[in-house]
Structure formats: structure tokens, C-alpha cells
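Read through the structure below, which is laid out as C-alpha cells, and then see the notes.
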Amino acid sequence: MLLQAVVTGLAGGVVLGLVALGFTLVAGTLRVLHLAHGDVVVAAVFTGILVVLGRTPVATALSPNHAALFALLVLAAGALLSAAVGWLAVRPHLPDRGRDADVLGWVAGLVAAGLLLREVLALLLPQEAYAVPDPLRLDSLLGSDGVLGLPFGGTLAARVPAVLLIGLLVGLLAERVLVRSRFGKALRAVADDPDAAFLCGVPSRRVVSLAFLAAGLLAGIAGLLYTGDPGRSVGVDDGVLLGLGAVAAALLGGLGSLRGALAGGLAVGVLQALAVQVRPQYGELAPLLLLVVLLAVRPAGLRRA
Amino acid sequence: MSLVDLAQALWLLVAALGLALSVQYAGLPVLGQGAFVAVGGVGTALLGPGGAGWPLGLAAAAAVVTAGVLGHLVALGASRLEGAYLALATWALAWLVYRTLLAFPDTFGGAQGLVRSSPAHLVSPSLGLDLVLTPAAHVVLAGLTCVTVVLVLRRLDRGPGGLDLAALREGPELAASLGVPVAARRRAVLTATAALGGLSGAGTVVLLGLVAPDDVSPLLSLQLFVAVLVGGATRWWGPVLGVALLTVLPYLADTQRARGVVTALLLVLVLVLRRLLARDRQVAAPVRTRAQEVEVRPLTWQPVLLRATGIGASYDGVRALDDVDLVLRAGRVHALIGPNGSGKSTLLRVLAGDLVPDAGTVEVAGTEQPVRTSPQDRVRAGVVRTPQRTVLLPRSTPVRQVEVGARGGSRPRQAVLRHLLATPSSRTAAARARRTVDAALAATRLEDVSAVDPAALTVGEQRLLQVARAVATGASVLLLDEPAAGMTADERATLRSVLRHLAGNGLAVLLVEHDMRLVNAVAERITVLDAGRVIADGSPTAVRDDPRVQTAYLGAPA
Numbered sequence: 001m002l003l004q005a006v007v008t009g010l011a012g013g014v015v016l017g018l019v020a021l022g023f024t025l026v027a028g029t030l031r032v033l034h035l036a037h038g039d040v041v042v043a044a045v046f047t048g049i050l051v052v053l054g055r056t057p058v059a060t061a062l063s064p065n066h067a068a069l070f071a072l073l074v075l076a077a078g079a080l081l082s083a084a085v086g087w088l089a090v091r092p093h094l095p096d097r098g099r100d101a102d103v104l105g106w107v108a109g110l111v112a113a114g115l116l117l118r119e120v121l122a123l124l125l126p127q128e129a130y131a132v133p134d135p136l137r138l139d140s141l142l143g144s145d146g147v148l149g150l151p152f153g154g155t156l157a158a159r160v161p162a163v164l165l166i167g168l169l170v171g172l173l174a175e176r177v178l179v180r181s182r183f184g185k186a187l188r189a190v191a192d193d194p195d196a197a198f199l200c201g202v203p204s205r206r207v208v209s210l211a212f213l214a215a216g217l218l219a220g221i222a223g224l225l226y227t228g229d230p231g232r233s234v235g236v237d238d239g240v241l242l243g244l245g246a247v248a249a250a251l252l253g254g255l256g257s258l259r260g261a262l263a264g265g266l267a268v269g270v271l272q273a274l275a276v277q278v279r280p281q282y283g284e285l286a287p288l289l290l291l292v293v294l295l296a297v298r299p300a301g302l303r304r305a
Numbered sequence: 001m002s003l004v005d006l007a008q009a010l011w012l013l014v015a016a017l018g019l020a021l022s023v024q025y026a027g028l029p030v031l032g033q034g035a036f037v038a039v040g041g042v043g044t045a046l047l048g049p050g051g052a053g054w055p056l057g058l059a060a061a062a063a064v065v066t067a068g069v070l071g072h073l074v075a076l077g078a079s080r081l082e083g084a085y086l087a088l089a090t091w092a093l094a095w096l097v098y099r100t101l102l103a104f105p106d107t108f109g110g111a112q113g114l115v116r117s118s119p120a121h122l123v124s125p126s127l128g129l130d131l132v133l134t135p136a137a138h139v140v141l142a143g144l145t146c147v148t149v150v151l152v153l154r155r156l157d158r159g160p161g162g163l164d165l166a167a168l169r170e171g172p173e174l175a176a177s178l179g180v181p182v183a184a185r186r187r188a189v190l191t192a193t194a195a196l197g198g199l200s201g202a203g204t205v206v207l208l209g210l211v212a213p214d215d216v217s218p219l220l221s222l223q224l225f226v227a228v229l230v231g232g233a234t235r236w237w238g239p240v241l242g243v244a245l246l247t248v249l250p251y252l253a254d255t256q257r258a259r260g261v262v263t264a265l266l267l268v269l270v271l272v273l274r275r276l277l278a279r280d281r282q283v284a285a286p287v288r289t290r291a292q293e294v295e296v297r298p299l300t301w302q303p304v305l306l307r308a309t310g311i312g313a314s315y316d317g318v319r320a321l322d323d324v325d326l327v328l329r330a331g332r333v334h335a336l337i338g339p340n341g342s343g344k345s346t347l348l349r350v351l352a353g354d355l356v357p358d359a360g361t362v363e364v365a366g367t368e369q370p371v372r373t374s375p376q377d378r379v380r381a382g383v384v385r386t387p388q389r390t391v392l393l394p395r396s397t398p399v400r401q402v403e404v405g406a407r408g409g410s411r412p413r414q415a416v417l418r419h420l421l422a423t424p425s426s427r428t429a430a431a432r433a434r435r436t437v438d439a440a441l442a443a444t445r446l447e448d449v450s451a452v453d454p455a456a457l458t459v460g461e462q463r464l465l466q467v468a469r470a471v472a473t474g475a476s477v478l479l480l481d482e483p484a485a486g487m488t489a490d491e492r493a494t495l496r497s498v499l500r501h502l503a504g505n506g507l508a509v510l511l512v513e514h515d516m517r518l519v520n521a522v523a524e525r526i527t528v529l530d531a532g533r534v535i536a537d538g539s540p541t542a543v544r545d546d547p548r549v550q551t552a553y554l555g556a557p558a
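Chains as they are written, first to last, in this note's numbering: chain A, 1 to 305; chain B, 1 to 558.
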């Protein structure tokens, strides 16, 4: 039972980790707390659902072509929505030519963007939540019946280790790319001093857009791994809770560290799975409580150096 | 519109006015007022008649206090970070409270919420009182609360509290460097905001006899946020207009979801309007008589005002300062020079209490200072630093900016409360503060531009204003980080005489400067830093002839 909960929690946590990675990327580069990032994840997923499955989807397996289209749509929607949010809601309030960042401005811009994404989706969709077939068909990868036996009894959905594996690979790869590549260096240069970076020939504005684009791509991947869990339907309001869980993960990992964000995601995922064991409704409350307590008690220890 | 609707709108206005204190006056992005409204409402319902059976007044008071305490706790950590973290903390709280209400239907009544009998009776057997709280009674009660809050906010804004708030909203980092206790002020502000939110919730549940999760959801938090953003900074009528908008919202959009879309669109509209409004916003310029010649004097008369011994400091393992000694004497201008990256600004940060050194001690006027300290405490001990970058409070006149300094330096106990009550002592304090401000403006030759828009100041005047703000704190040790940066030759001459004048009045001035002509003209002693170490310390001529200094500046001789 416990092992099952922990492994399931890790799989849920790797999704949080990918969302947290995007949050950290934006926070580290622009000193902006991306309050709408979770909404971008869910909006990307629903873009795929609306286009491929329609407004009243049925939970039958997708054909390979449809699955590929769905995956591509979600990735593209994630990247584009994130870039649009960055461009419209955040960029006008960033520091510019001696003017300080307008914090009230970008906070308001991001909550407006998140609210708009949530409520417009809710207006388009007749139901609050949807059970969606797994676009990646991860349960067919291991074992035909989609269920794995665990030592000490208990079973595990076959997609769980697959989600964990894919998520970790993507997360670690993204972390390496962001640390090593020219793009990663440009990001850090902009983070340190946007004006100096601009003078050194780093196209600051393009880097800002790219940071949102990269965060959105990670959000799309997270969205793909998030959907298709047979035990859970995807709801319009999931985005906020996913986003805030990811923020807790990013803070837990020491905001600013990409590897920390991924590890923090795994920790929050396990916490969430254990909380569900105690009482099902604790699952969504635990990360929120963790975030509020973290911010109240240990802010200095979490501040990026 | 029925009396019930009016009473409900007025209770909502209480929450909006409370939120305005945080958002408009203190510049804090608080996204969780709905959570505090929920705590006040649900708390009153759970504790009062029909719940735990407490008397209604007591239950409501307990719920309001609980909301206030919750606000304080949420701000506890986040108030020490950048303001945006408060947005995160309060937004998470809004969702936590909402989802908690839904997660425990046995306690909170699920989606239907808690139902109580209405109209409620305010009963006190000992006073023989049985008051029926009709909608009309609510209108009076909520209306009086609103008027009181508006009057308090307006009076608050004109006194020492208003200076603190202006500094918080326009330049929190600057405020901290001038001695304003930023984190404590933020906590106080959020506590008051949350308590008023709680009061609003308590009033509403007593009025309607119902509190349901959807009425206090995160959407309410965002709607209140929009409502207070409408008026821009420190306009008391902003929340009134905003709440009026919220009251007509149900007629525009009939479902919760549609209201969400309208709220988001309103938020976007407000953001656009806000930028337009901010563009031609006139700076309120207080008319002020010319400052009389008033002397600036140090707090203490000691020959050695600051002594730093064996200071070591590092960032991320890189050693920035190593075993640095420095002595600043009263009545002297002391220059600190060295190549870029030699540790000058780091040393200033250590002396100003902004960076904890790994090694060494700092004594101010003969008293050793605690290692873990803050800029506020150091200002009170008598040491103040001006930032290297020009930092202005963009919407405050020079007089007001210098007043922030004066307020930061001398913080009489309960000054805000005394001002609100208009005690005689608050008037004496205000007169004393005005003299300090006049003296600082006179000492920095800024009397003529004291009431203009700060954007109209020349670069040199802006740099002098930083000095004036520091002088107004009453500190005896001024740490000036490149005050002449960007100044014209004339302005440098003015700065020279300003520095001589300040030193002549007994202050100790530490001048970080690259302009050697200025340094040689005013400094009696020069300390040279290179790679975090003191390589020379002495009179200008002795330092100029020091071979190590020449190597550091001109490279090794061939």
C-alpha cells in the first residue's frame, strides 16, 4: 500500500516538477512569479481535447494518428499560450529604461490571464471535468493488462512508471540544456542584469519571450503526462491547484535551482499521495497548506542567493 | 435595489476599503481578501447562535480577531521578501480556505454553506437589550464602519503613517535603508486588511443568515482586487467606485463563470486605465516656505564615530573583503577609493547593516553593534548609506522624500496612533520633523526645488536629494556611494561645499568616489581598497605617493 502510494506520488510529482521547472525558469530570469502557469498547462490540454475530441469527449482510446495530433497540439498550445501570456500580461510591467518593475501590474496581469483562460474554457465546455483517454497510451507499453504487480502486495497502473521515467528524462534533459546551452547562458545573463546583458549583445527581449516559450513547452509536456490518468478526470480549475503545487515544489527546491524544482516536485507529489491515503480530500489541500506554511515560516531559507 | 442589497454592498465595501490599505496605500499585491472574508463569516456562523451558541457580538469579534491573526501569520515570512511573495501567499490562502470549506461538508455545510436564522438578534440580558438587526440596522452599522475607515485612511495618509506607506509603495528597498521597518509595517497593514475583511464577512453572514463557499471563493478575492485597483494609489473613492461596479456585476452576468470572464476583462481594463492615469498624474506639491538656516547636528559628540575592525565578507564563496579596518572621525570627510570590484560597495553594505560580515566588528560611537542587524537598526544607531544607483520615490516631492528620511531616523513610539488621535505630542513631533527636513534641505542646497515633481530634478539634484534624505535621518555617520556620479562641474562644486558643511557640523562622512579631484579637495584621509584588502590609508599626499596604490591603479611598473 505504502510503496504503491509512494510510486504513484512520484509519478504525480514529476508532473509537478516539470511545471515547477517552468515557474523557476521565469522566476529566475525575470523575477516574476508566474501565477498563471498552471492555467497554461490545463488550457494547453483542453486545446487538444477541444480540437481532437470535441466538446463532449468519450473516453475511448485514441487512434495513433489522433494521439500524435493531440500531443502536438498540446505542446504547441502550451508554448504559444505561455508566450502570449508573457508578452501581453508580463512584458509591459518589466523594468525598462530605468523604470523599476511594476509588481502590482504583472501580478494583476497574470491573475487576469489565468482567470481568463479558466473562465473562457469553462464557458466553452459543457462539463466541469473530463475523463480523457491517455494520448500517449503509456499503459500499453508495459504489460498487456495495464497493471503491474508490486512486491509486498498491491498493484500499480502500468503508466505510472512510464510517466515517472519520461518525466524524469525530460526534466533532467531540460535542466542540462538550460544550464549548458547558449540560451541558458543568455537567460542567466538577463537574470543577473538585463541592461548589462543587452549592452553585451544579448537580445534581452527575445530572451524574455524564449523563457516563456520554453516554460510553455515544459508545461505542454507536463499536461500530456497529467492527462490520461484513468483514476482522475481533468477539470478546468485543476490549473490553479497544479500551479500552486508547483510553486510549493519550486520553493521547496530553493527557488532558482532547476534541479531543486524537479526534486521539490517529487517531494510534493509523494506528500500529496500520502495525504490522499489519510483522507481523499487532503490530496489537494496538502500542497496548498505546504505553500502557505513555507512562505510564512522559511522565506529567507528559500530565497534565491 | 432593496435595503438588503444596499447593506450587502456596504459590507462588501468594508472589505474593499480594508484591501485598499494594502493594495493602494502600501502597494502590496494582496490576492486573498476573500479568504479573510470567509474566515470572518464562517467563524461567526460556527461560533455564534445556531453554532457553538456564543453571543453574536462575541462570536463576530472572535472571528474578526481570527482573520486578523491569520493575516499577520500569512505576512510573517512573505513580508520580509519582495512584495510579490505576498501575492503568492495570499493567493494560495484564498484557494486553501475555499477548498477547505468544500472538503469538510459536515463542518462547513458543503456547497450549500452554513445557514443561520435571519434577522439576527443582538441580545444582552445584563443590559436588558434585545436589538433586532434589520437590514436598515445593517445599513447604518456598515455605513458607519465605511465612513470611519475612510476618515482613518485619509488622516493616516497625512501623517507619519502616510510617509511610511508612501515609502513602502514607492521604494521598499529605499525605505529600509532610511530606517523604515518595512517588514513590520507590511505585517501591520495586512493584519488590518484581514481584520476588516473578517468584519465584512461577519456582517454579511449576520445580514443574510448564509455563508456559502462560492460567495467567498478566490473569485471574490480577485473581484475585490479589481475594485481597489480602479482608483489608483491613495484615492479613497476608488474602492467605492469598484464596489459599485461589483454590485451591478450580477445583472451583467448571470452565472459564476460568466462573472469570472467579466472580472478578468475588468482587470485588463483597469490595467490599461492605470497606465494611462499614471502617465499624467500630477504630484501633489505642498507649498512650503523657504527653509531657515537650521544646523544639522550629530546625535553624539564622540571623536571616533565609527570603527570597523577586521571586516571579512564573501558572496557565494568569493572573498570580497579581507581583514579591513576603518576609522571614521567626527568632523572629517574620509574617502574610500579603489578599482572597480575592489569591495568598496560591499564594505558600505557591511557598515550599513545590509550585509552580515563573516568576520570583524563594527563599533558606532564607542558601542559595539550586533553582528546580525538590519539597516533600520543601523540607522537608529546613527549610520546611514545612500545607494550607488539613484533611487527616488517617483511620486513624492523632494520635501516628502526627505520627510521619509526624518521619519525613518526618529521613530517615536506609537507615532501613527498619536497622529490619528491628534495628541499634542504628535504636533510637537511634526514640528520637530519639519525643522529636521528644512535643515536637511538647506544643508544640501535643495530649498528651491523642494516642492517640484521629482522627475523634473537634474541628475545632480537627484543625487543631492539622496544625501538630504540620509542627513534627515539624523545619523552621525553618512556613507555616500559615488554621490557625484552624473553631476556637472557646477554641481560637483556644490557637493564639495555641502560635504564640507556637513563635516563642519560634526558629522563623519565616508565618500566612495572615483573623481580624484573631488576626493583631494574634500577628503582629509583616504583609504584605498584593492581586491578586498586595504593597501593604503593616510593623507591624500601620502596615499598618492604610495607605490602600491600606483600599481593598483596604473598596473605594475615595467
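Cβ coordinates follow ideal geometry from the N, Cα and C atoms, glycine included.
With a beta-carbon spacing of about 6 angstroms, B:Gly-40 and B:Gly-197 fall inside the 8 angstroms limit used to define contacts.
Here the C-alpha atom of A:Ala-113 lies approximately 13 angstroms from the C-alpha atom of A:Leu-33.
A straight-line Cα-Cα distance of about 27 angstroms links A:Ala-249 and A:Arg-137. Pairing B:Ser-118 with B:Gly-209 gives a Cβ-Cβ distance under 7 angstroms. Residue pairing by DSSP places A:His-93 opposite no residue, since no beta bridge is assigned to it. A Cβ of chain B is located within less than 7 angstroms of the beta carbon of A:Ala-122.
The three-state reading of DSSP puts B:Glu-368 in strand, counting E and B together. Distance between A:Leu-117 and B:Asp-254, taken at the CA atoms: about 19 angstroms. For B:Val-459, the closest of B:Leu-478, B:Glu-491, B:Val-437 by C-alpha to C-alpha distance is B:Glu-491. Between B:Gln-302 and B:Ala-365, the beta carbon gap of about 5 angstroms places them in contact (Cβ cut-off 8 angstroms). The beta carbon of B:Val-324 sits closer than 8 angstroms to the beta carbons of Ala-308, Gly-310, Ile-311, Gly-312, Gly-343, Leu-347, Gly-360, Leu-529, Gly-532, Arg-533, Val-534 from its chain, once the five residues preceding and following it are set aside; these are given in chain order. B:Glu-363 carries a strand assignment under DSSP once its states are collapsed to helix, strand and coil. Annotation: B:Trp-237 to B:Leu-28 spans about 19 angstroms, alpha carbon to alpha carbon.
Secondary structure at B:Val-115: strand, using DSSP grouped into helix, strand and coil. The C-beta distance from B:Leu-17 to B:Leu-153 rounds to 7 angstroms, short enough to fall under 8 angstroms. Using a CB distance cut-off of 7 angstroms, B:Leu-93 counts as an interface residue toward chain A. Here DSSP, grouped into helix, strand and coil, assigns B:Val-180 to coil. Residue environment analysis places B:Ser-425 among the exposed positions, since fewer than 16 neighbouring C-beta atoms fall within 10 angstroms of its C-beta.
Contacts with chain A (Cβ-Cβ distance below 7 angstroms) from the stretch 8-22 of chain B involve no residue at all. In this structure the stretch 30-40 of chain B does not touch the stretch 147-166 of chain B; the number of beta carbon pairs closer than 8 angstroms is below three. If the five residues before and after B:Leu-249 are omitted, its C-beta is found closer than 7 angstroms to the C-beta atoms of Arg-259, Val-262, all from its own chain and listed in chain order.
Annotation: A:Leu-125 is outside any alpha helix (DSSP H) and is labelled neither H nor E by DSSP.
Against chain B, a Cβ distance below 7 angstroms from A:Gln-4 picks out nothing, because the smallest value is about 23 angstroms.
The Cβ of A:Ala-108 sits closer than 7 angstroms to at least one Cβ of chain B.
Of all residues in the stretch 266-282 of chain A, those with a C-beta nearer than 7 angstroms to a C-beta of chain B are Gln-281, reading in chain order. Following the DSSP letters along the chain, one finds A:Ile-49 in no beta strand (DSSP E), marked with neither H nor E.
Taking 7 angstroms as the threshold, the shortest C-beta distance from B:Leu-246 to chain A does not fall below it. B:Arg-257 has a beta carbon lying within less than 7 angstroms of a beta carbon in chain A. DSSP, read as helix, strand or coil, puts A:Ala-36 in coil. In this structure, B:Leu-12 sits away from A:Ala-108, with a CB-CB distance that is not shorter than 7 angstroms.
Taking a 10 Å sphere around the C-beta of B:Ser-2, we find fewer than 16 other C-beta atoms and assign the residue as exposed. B:Leu-478 is the residue among B:Arg-155, B:Val-391, B:Leu-478 whose C-alpha sits nearest the C-alpha of B:Leu-305. DSSP places A:Gly-231 in the coil class of the three-state scheme, outside both helix and strand. The beta carbon of B:Gly-486 lies closer than 6 angstroms to those of Val-459 in the same chain, with the five residues before and after it left out. Interface annotation, A:Leu-81: not in contact with chain B, CB-CB separation never under 7 angstroms. Within a 10 Å sphere around the beta-carbon of B:Glu-524 sit fewer than 16 other beta-carbons, which makes this residue exposed.
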